Structure formats: C-alpha cells, structure tokens
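Under the UniProt record's numbering, the first residue of the sequence shown is numbered 1, with each subsequent residue one higher. The beta carbon of each residue, even a glycine, is placed where N, CA and C say it ideally should be. For clarity, every value in this text was computed on a predicted model and none was experimentally measured.
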Amino acid sequence: MIVRRACSDDLSALAILFDEYRQFYQVQSEPELSYQFLKQRLENQQSVIFVHIKDQQLTGFVILYLGFSSVACKHYYILDDVYVSPQFRRQGSARQLIDTAILFARHNAAFKICLRTELNNIRSHQLYESMGFIKDTEYQEYHYYLNPRPLNQITQ
Numbered sequence: 001m002i003v004r005r006a007c008s009d010d011l012s013a014l015a016i017l018f019d020e021y022r023q024f025y026q027v028q029s030e031p032e033l034s035y036q037f038l039k040q041r042l043e044n045q046q047s048v049i050f051v052h053i054k055d056q057q058l059t060g061f062v063i064l065y066l067g068f069s070s071v072a073c074k075h076y077y078i079l080d081d082v083y084v085s086p087q088f089r090r091q092g093s094a095r096q097l098i099d100t101a102i103l104f105a106r107h108n109a110a111f112k113i114c115l116r117t118e119l120n121n122i123r124s125h126q127l128y129e130s131m132g133f134i135k136d137t138e139y140q141e142y143h144y145y146l147n148p149r150p151l152n153q154i155t156q
C-alpha cells in the first residue's frame with residue numbers, strides 16, 4: 001500500500017472514487033462533474049490531493065484546501081474529504097491518508113488542520129481523536145447557502 005500525491009494521470013480513476021464519495025452523501029452520480037471538478041482543482045492548484053494505492057488500484061483519497069487565519073496571521077489546511085472504497089476499509093488506509101496530510105501540512109509550515117464530520121459519524125470521530133485531532137467546543141459553525149436547495153439536489 002502506498003500513498004502519494006495525485007497527478008493528472010490519476011484523474012479518471014480518482015473521479016470514479018470521488019463520485020462514489022459524493023453518492024455516499026446522497027448526491028446524484030455525476031461522473032463528468034466529478035472529473036471536471038477535480039481537474040480544475042489540480043490544474044489551478046486549488047487543492048492538494050493524496051491517493052491511496054493498493055495493487056496498482058486507487059483505493060482512497062484525501063483532499064486538502066488552503067485556509068488562512070487573520071488572527072494568527074498564518075495558513076492552515078482544511079481536510080475537506082477523506083474516502084476509502086468500502087472493500088478496502090478497516091485496513092488502515094484512511095489513517096495512512098490522514099497521516100500523509102499531516103506530514104504535508106507540517107512540511108509546509110501550516111499551524112493546524114481543520115476538519116468537520118457529520119455528528120453521527122462515530123467511527124470517523126474515533127479515528128480523528130485517536131490521531132490527535134481535538135473536538136472544537138469553543139466555536140459554533142454557521143453556513144449561509146446562496147442556493148436554497150439541499151446539496152443532494154444541487155447540480156452544477
């Protein structure tokens with residue numbers, strides 16, 4: 001098993017995994033949208049994507065986005081997505097992907113990694129906490145949606 005930074009050669013296989021990930025969150029399958037979204041992120045260097053490979057097959061990914069803190073005057077990374085195909089779960093793949101993201105953030109002098117997860121995703125909570133992530137009890141998160149339709153109904 002290996003984890004490495006994704007490149008344009010990975011786009012087709014990565015888009016399939018990304019589409020699976022989106023379907024997990026009850027979003028309609030749109031392989032071309034997934035492909036174009038990832039292609040833009042890579043081409044415009046708007047995210048850092050690491051892929052997990054087992055037996056020459058992409059089995060998972062983690063996506064980081066750059067964030068900035070005005071108060072700290074420092075940059076950080078947002079771990080927005082981590083996904084492992086169901087048949088490859090419970091083998092340490094997610095931990096390897098997150099470890100790689102942490103090493104990358106440290107190497108790039110970020111001061112933290114932020115993430116959020118659904119309240120009922122207990123397995124993820126346990127994994128993140130076992131890796132040293134600390135649950136935020138100080139801040140409440142709010143969103144203002146510019147499109148009033150739920151995410152699973154939004155297309156392009």
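- Item | Endpoints, the alpha helix (DSSP H) within which Q26 is located | Q26 -> no alpha helix (DSSP H), and no H or E assigned at all.
- Item | Entirely enclosed alpha helix (DSSP H) segments - the UniProt domain "N-acetyltransferase" (1 to 152), minimum 4 residues | 11 to 24, 31 to 43, 93 to 107, 122 to 130
- Count the CB pairs spanning the stretch 97 to 116 and the stretch 77 to 84 that are closer than 8 Å, and state whether there are at least three. yes
- Message: Quick check: the stretch 14 to 30 against the stretch 97 to 115, are at least 3 beta-carbon pairs closer than 8 Å?
- Response: Taking a cut-off of 8 Å on C-beta distances, the stretch 97 to 115 does not touch the stretch 14 to 30, as fewer than three cross pairs fall below it.
- Message: With the cut-off set at 8 Å, would you say L127 and F50 are in Cβ contact?
- Response: no
- Task: Return yes when the Cβ of M1 is within less than 8 Å of the Cβ of H52, no when it is not.
- Result: In this structure, the beta-carbon distance from H52 to M1 falls below 8 Å.
- Message: So, for G67: in the same chain, excluding its five sequence neighbours on each side, which residues have a beta-carbon less than 8 Å away from its beta-carbon?
- Response: Sequence-distant Cβ neighbours of G67 in its own chain, meaning closer than 8 Å and more than five residues away, are H75, Y76, Y77, I78, C114.
- Task: Report, in whole angstroms, the separation of the C-beta atoms of A101 and V62, which I expect to be a contact under 8 Å.
- Result: Correct: roughly 5 Å between the Cβ atoms.
- Query: Do you know how far the Cα of D10 is from the Cα of F18?
  - Reply: If you take the alpha carbons of F18 and D10, they lie about 12 Å apart.
- Task: Taking Y65 as the reference, give the member of Y35, D136, S85, Q46 with the closest Cα.
- Result: Per the C-alpha coordinates, the member of Y35, D136, S85, Q46 positioned closest to Y65 is Q46.
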